[in-house]
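Read left to right, the sequence shown gives residues 1 to 51 (UniProt numbering). Beta carbons: idealized from backbone N, C-alpha and C, even for Gly. The model shown is predicted, which means the values in this text are computed figures rather than measured ones.
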Amino acid sequence: MLNQTLAAEILIILQNVCVGQAVFKTSKEGQKSIENEARGQNDYQDQLTSN
């Protein structure tokens, strides 16, 4: 009985770790796309001012 409880706890912990890594990866990629978007906006502004 104790082993089943322990196994369930370990599974929950592993799931949380996997979800946490997925969220972290997603937030990193999201941050990258936000930075790219900002860079694109800056390039557009530069084009407007240079013309």
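Residue i versus residue j - alpha carbon distance
i     : j     : result
GLU29 : LEU6  : 35 Å
LEU48 : THR26 : 33 Å
ASN16 : ALA8  : 12 Å
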